[in-house]
Amino acid sequence: MDFALAERMIASRFQLRDRVNNDEIVDFLPNPAQHRFFGLCQYLYDHKRPLRVISVKARRIGFSRAVEGVGCCFMFAYPNYEGRIMAHFDETALDILSSAALMVYGDGEPGKGIPWQGKRDVWEPDKEYKSVLVPHKTKRGTGMSRLLRASAKVRGKGRGLGFSFFHGSEAAYYPADSPFTAVLPALARS
């Protein structure tokens, strides 16, 4: 994937809630830390290394949104792409998934969200999203890329599944008796 192209798509089409005024929807303009993250992703991709990043950072610099932006670009680029957002609490996972839904569906403004023919979905601020879907036309007919959410409080969530994308938010707070390492075998090798 060309992460410079992905960053341009994120900056031109993706939206998110304003950090100060949560009722306002603004364009996703990557900050310097997010720009460095996209550069790291490109470096790993160019050197044929697995795209696995663990971020230890200060709060509120927008890493979760940057990670979701990359995940949404992958959903658009590849059919049957499967992703999971996991957080300590389901409310946090819901918030992150809602942000991904806004990026994918847009708020109804023309030219926002991920472009695909026949797009009918528009982000709804009060909806409790269980998944975000991107339809694809493939040689075999139709396919669907999807992003789901989960809480780390549920033991074994994700075991035995095959994810192409996993975002474990605030993993340091996951319960000790159900560590997120149980999810790592579910990640695709590629």
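For the sequence shown, the working numbering begins at 396 and goes up steadily by one.
By construction, the Cβ of each residue, glycine as well, lies at the ideal position given by its N, Cα and C atoms.
Values in this document were obtained by computation on a predicted structure and should not be read as measured data.
Report task. Identify, in the order they occur along the chain, each residue of the same chain with its Cβ nearer than 6 Å to the Cβ of His531, setting aside the five sequence neighbours on each side. Result -> Once the five neighbours on either side are set aside, the close Cβ partners of His531 are Pro474, Gly538.
Query raised in the report: Are the region 477-484 and the region 405-412 touching by the rule of at least three beta carbon pairs closer than 8 Å?
Result: Output reads no: the region 405-412 does not touch the region 477-484.
Requested in this report: Provide the residue span of the alpha helix (DSSP H) that contains Ile491, from first to last.
Outcome: That run of the alpha helix (DSSP H) goes 485-500.
**Report entry** Same chain, Cβ closer than 8 Å to Gln437, five either side skipped, listed in chain order
**Finding:** If the five residues before and after Gln437 are omitted, its C-beta is found closer than 8 Å to the C-beta atoms of Asp397, Phe398, Ala399, all from its own chain and listed in chain order.
Report task. Compare the C-alpha of Pro445 against each of Glu402, Ser459, Phe560, Glu565 and name the closest. Result -> Looking at the Cα atoms, Phe560 is the closest of the given residues.
Query raised in the report: What does a CB cutoff of less than 6 Å around Arg533 pick up in its chain, not counting 5 residues either side in sequence?
Result: The identity of residue 533 in the sequence shown is Thr, whereas the question assumes Arg. If we look at Thr533 and ignore the five residues flanking it on each side, its Cβ neighbours are Pro474.
Query raised in the report: For Pro505, does the count of other Cβ atoms within 10 angstroms reach 16, so buried, or fall short, so exposed?
Result: Classification of Pro505: exposed, given that the 10 Å Cβ count is below 16.
Requested in this report: Determine the burial state of Ala488: buried for a count of at least 16 other Cβ atoms within 10 Å of its Cβ, exposed for fewer.
Outcome: Answer is buried; the Cβ neighbour count reaches 16.
Query raised in the report: By Cβ distance below 6 Å, which residues in the same chain neighbour Ile420 in space, the five residues on each side in sequence not counted?
Result: Cβ contact annotation for Ile420 (same chain, cutoff 6 Å, sequence separation greater than five): Gln410, Asp502, in chain order.
**Report entry** Asp441, enclosing alpha helix (DSSP H) - first and last residue
**Finding:** That run of the alpha helix (DSSP H) goes 427-441.
Report task. Would you tell me roughly how many angstroms separate the C-alpha atoms of Asn426 and Ala406, rounded to the nearest one? Result -> Using only the alpha carbons, I get a separation of about 10 Å.
Report task. Count the other C-beta atoms from every protein chain shown that fall within 10 angstroms of the C-beta of Leu542, then say buried if there are 16 or more, exposed otherwise. Result -> Around the C-beta of Leu542, 16 or more other C-beta atoms lie within 10 Å, and the residue is accordingly described as buried.
Query raised in the report: Would you say Gly466 and Gln429 are within 8 Å of each other, going by their C-beta atoms?
Result: Not in contact: Gly466 and Gln429 (Cβ atoms no closer than 8 Å).
**Report entry** Beta-carbon gap between Trp511 and Ala496 smaller than 8 Å
**Finding:** The Cβ-Cβ distance between Trp511 and Ala496 does not fall below 8 Å.
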